[in-house]
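Chains as they are written, first to last, in this note's numbering: chain A, 58 to 333; chain B, 4 to 307.
Read through the structure below, which is laid out as structure tokens, and then see the notes.
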Amino acid sequence: MTDYADSGPATAPTAPAGLVAGALRMGDYWLTVLARTWKGGVITTFVTPFFYVLALGVLLGGFVDADPATLEGASTYLAFVAPGMVAAHAMTIAFADLTYPVMGMLKWQRIYYSMIASPLAPSHIVLAQLGWVVLRALFACGVFLLVLAAFGVFETVAGVLAAWLVQGLVVLAFATPVLLFSLSIKGEESFALIFRLGMIPLTLFSGTFFPIGNLGPVLEKVAMVSPLWHGVDLTRMLTLGELDWGMVAIHVAYLGVLAAVCWWLAIRKLAERLVS
Amino acid sequence: MISARGLRKSFGDFEAVRGIDVSVRPGVAFGFLGPNGAGKSSTMRMICCVSPPSGGELRVFGMDPAKDGPKIKARLGVCPQEDTLDVELNVYDNLYVYGRYFGLPRAEVKGRIDELLDFVQLTDKAKAKVDDLSGGMKRRLTIARSLINRPEILVLDEPTTGLDPQARHVIWDRLFRLKQAGVTLLLTTHYMDEAEQLCDELVVMDQGRIVAHGTPLGLIQQHSTREVAELRFGVGEHEALAAKVEDLAERIEVLPDRLLLYSDDGEAVIDAVHSRDLSPVATLVRRSSLEDVFLHLTGRTLVD
Chain A
58 MTDYADSGPA TAPTAPAGLV AGALRMGDYW LTVLARTWKG GVITTFVTPF
108 FYVLALGVLL GGFVDADPAT LEGASTYLAF VAPGMVAAHA MTIAFADLTY
158 PVMGMLKWQR IYYSMIASPL APSHIVLAQL GWVVLRALFA CGVFLLVLAA
208 FGVFETVAGV LAAWLVQGLV VLAFATPVLL FSLSIKGEES FALIFRLGMI
258 PLTLFSGTFF PIGNLGPVLE KVAMVSPLWH GVDLTRMLTL GELDWGMVAI
308 HVAYLGVLAA VCWWLAIRKL AERLVS
Chain B
4 MISARGLRKS FGDFEAVRGI DVSVRPGVAF GFLGPNGAGK SSTMRMICCV
54 SPPSGGELRV FGMDPAKDGP KIKARLGVCP QEDTLDVELN VYDNLYVYGR
104 YFGLPRAEVK GRIDELLDFV QLTDKAKAKV DDLSGGMKRR LTIARSLINR
154 PEILVLDEPT TGLDPQARHV IWDRLFRLKQ AGVTLLLTTH YMDEAEQLCD
204 ELVVMDQGRI VAHGTPLGLI QQHSTREVAE LRFGVGEHEA LAAKVEDLAE
254 RIEVLPDRLL LYSDDGEAVI DAVHSRDLSP VATLVRRSSL EDVFLHLTGR
304 TLVD
């Protein structure tokens, strides 16, 4: 039994000086979450990529004896599919981190409400959460790329480094719309919908495992709307060293605009949910 | 510390707060008493800068929540009605990450956590997961968290709702100590005993309006008699019997399960009832409470 102590050093609590300063105040929150969850992440980060490369790239790919001209310049199927799997991995992380966890923070544990009671604003919360998923995706995709490098599927170091950094943009292009979706729905039942009708078809038909030209002229145009196709094609150009700068610009612009618009909308949606 | 003039809050067509005037001075424990739906929580949310007022003027620390929300929130402590703890983190980490939101240095946050855990008697639970705590412990942890920034005003929305009596008394004791330490308390409650125990000053809210304002004792003196005689008759008899005893008291309230006779001498009222050959199943004489004030002002009971 002690009385309320007001002793010790007393730094005055403050409002954050800016957007980044506010988001950085949440760094310790996300590190604490990492300290709690990293064990579960080890399998998905290190083991799953290796299984995919082995099963789809090496064992299934061993049956694929295609002319490099039909594989967008890749000398083997493994070299073709590797960058696709990296970009799809970045997308998967966005879906995993911004669906159920967001619902938990909003509805089940209401942690967002505790955050908004502090001097932090929705813009800080969103920046910290997206910044965290970018770091997580860069780490996971970095490991994935290292695994792939051992199979000798990359052309240049600079290309691989660029492909790695591009995953930050790829993950954002998915994290922002998924966050917006998660903040907009009432119950978690809707997640089954975006996993089945969103993530899985995107993974299968965005040029990850075969060139979208194989879909035929009409469906090929449809596939070009897929953000994952832009991510896959961009990553592939970089790892294969077959750069078409015009297409690079289109891919970066498409992913960037998508991320920026959904980012802005997600902040508005979070504010709408928390402040009323 | 807080001043509101003609403060309003509407949600579509529904008016939750219909123009209230409130002034809270430093160091006071100020209560908002009222039933569910009276507009207490809406008022709290406006003060906590998470709900823009629909009309009127609101100042907290002399600042406008619409413009200086973050600056105000830096100096407030908020203990919400529903716990918003991270149940997957342990007790210590819940406090630690929260302290960082206020821009406090890591070492200082750690020092404060030790003090606060001691204050809310959770030191030996520091490494326990929140999920494993009892309801009362969670509440105490939420209070500790709301104190991490050494707030000038601590806002508590229904601090003991849902807790068992023993846990409530522990919370009251802690809040009383905070009050003694000079922290301004702002609390909502629909428990009259909580308001009587903790509040120096309170407003009674009903349907979005303030219907009375004063000290707990002052309100009782102003709106009720010293004592209340409660008479319990058979089911359904109360309405009919009221006419036979109403002249015995200054005022009478008919509830579905009993009659309340307001008088400065309750025992004399009971004696007079018996002398009229009426035989209540049970009788009780007690002092008037805020419940009676509320009943008098609104014609309804606080807790349904």
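C-beta atoms are modelled at their ideal positions from N, C-alpha and C, and glycine is treated no differently.
None of the values given here were measured: they were computed from a predicted structure.
Partner residues on chain A for residue i, Cβ-Cβ distance less than 7 Å
i             : result
residue 89/B  : 166, 168
residue 77/B  : 70, 71, 72, 176
residue 108/B : 68
Contact list for residue i against chain B, beta-carbon separation under 9 Å
i             : result
residue 83/A  : 100, 103, 104
residue 253/A : Residues of chain B passing the Cβ test: none, with the nearest at roughly 27 Å.
Neighbouring residues, chain B, relative to residue i (Cβ below 8 Å)
i             : result
residue 60/A  : 122, 180, 183, 184
residue 332/A : 53, 54, 55
residue 89/A  : 92, 96, 99, 100
residue 109/A : Those do not exist, as residue 109/A stays about 29 Å from chain B at its closest Cβ, beyond 8 Å.
residue 293/A : Neighbours of residue 293/A on chain B: none; closest Cβ ~38 Å, over 8 Å.
Cβ-based burial, residue i [other Cβ within 10 Å; buried from 16]
i             : result
residue 161/B : buried
residue 282/B : exposed
residue 277/B : exposed
residue 263/A : buried
residue 323/A : buried
residue 294/B : buried
residue 254/A : exposed
residue 29/B  : exposed
residue 68/B  : buried
residue 191/A : buried
residue 143/B : buried
residue 5/B   : buried
residue 227/A : buried
residue 338/A : Only positions 58 to 333 of chain A appear in this structure, which leaves residue 338/A out of reach.
residue 166/A : buried
residue 259/B : exposed
residue 12/B  : buried
residue 147/B : buried
residue 186/A : buried
residue 257/A : exposed
residue 261/A : exposed
Listed by chain order, chain A residues near residue i by CB distance under 9 Å
i            : result
residue 83/B : 167, 170, 171, 174
Which residues DSSP lists as bridging residue i, in chain order
i             : result
residue 217/B : 205/B
residue 332/A : Beta-bridge pairing links residue 332/A to no other residue.
residue 93/B  : 132/B
residue 12/B  : 20/B
residue 286/B : 234/B
residue 35/B  : 191/B, 206/B
residue 263/B : 233/B, 256/B
residue 144/B : The partner list for residue 144/B (beta bridge, DSSP) is empty, contrary to what the question assumes.
residue 5/B   : 27/B, 63/B
residue 82/B  : 159/B
residue 212/B : 209/B
Cross-chain neighbours of residue i in chain A, by beta carbon under 8 Å
i             : result
residue 201/B : What residue 201/B touches in chain A: nothing, since even the nearest Cβ is about 15 Å away.
Chain B residues whose Cβ lies nearer than 7 Å to that of residue i
i             : result
residue 193/A : Ordered by position in chain B, no residue passes the 7 Å Cβ test against residue 193/A, which lies about 17 Å from the chain.
residue 157/A : Correct list: empty, because the minimum Cβ distance to chain B is about 13 Å.
Contact with chain D by residue i, beta-carbon distance below 9 Å
i            : result
residue 14/B : In the displayed structure, chain D is absent; the protein chains listed are A and B.
>> To be precise: take each residue of the stretch 52-74 of chain B, compare its Cβ to all Cβ atoms of chain A, and keep it if any distance is under 9 Å. Which residues remain?
In response: Along the stretch 52-74 of chain B, the positions whose C-beta sits under 9 Å from a C-beta of chain A are 52, 53, 54, 55, 71, 72, 73, 74, read in chain order.
>> Please give me, in chain order, every unbroken run of the beta strand (DSSP E) with length at least 3 that falls completely inside the stretch 146-205 of chain B.
In response: Runs of the beta strand (DSSP E) inside the stretch 146-205 of chain B: 156-160, 187-192.
>> Using a Cβ-Cβ cutoff of 7 Å, what residues of the stretch 130-155 of chain A are near chain B? List them in chain order.
In response: none
>> Restricting to runs no shorter than 4 residues, where is the alpha helix (DSSP H) found entirely within the stretch 75-150 of chain A?
In response: 76-81, 84-99, 105-109
>> List, from N- to C-terminal side, the alpha helix (DSSP H) runs of 4 residues or more that fit wholly inside the stretch 254-313 of chain A.
In response: Within the stretch 254-313 of chain A, the complete alpha helix (DSSP H) runs of at least 4 residues are 257-262, 274-280, 284-297.
>> At a CB distance below 7 Å, what residues from the stretch 142-165 of chain B approach chain A? Give them in sequence order.
In response: 152, 153
>> Please list, in chain order, the residues of the stretch 306-331 of chain A that have any C-beta partner in chain B closer than 8 Å.
In response: 331
>> If we require 4 or more residues per run, which alpha helix (DSSP H) segments fall completely within the stretch 208-248 of chain A?
In response: 214-241
> Mind pulling the beta strand (DSSP E) runs of 3 or more residues that sit fully within the stretch 37-67 of chain B?
Replying inline: 58-63
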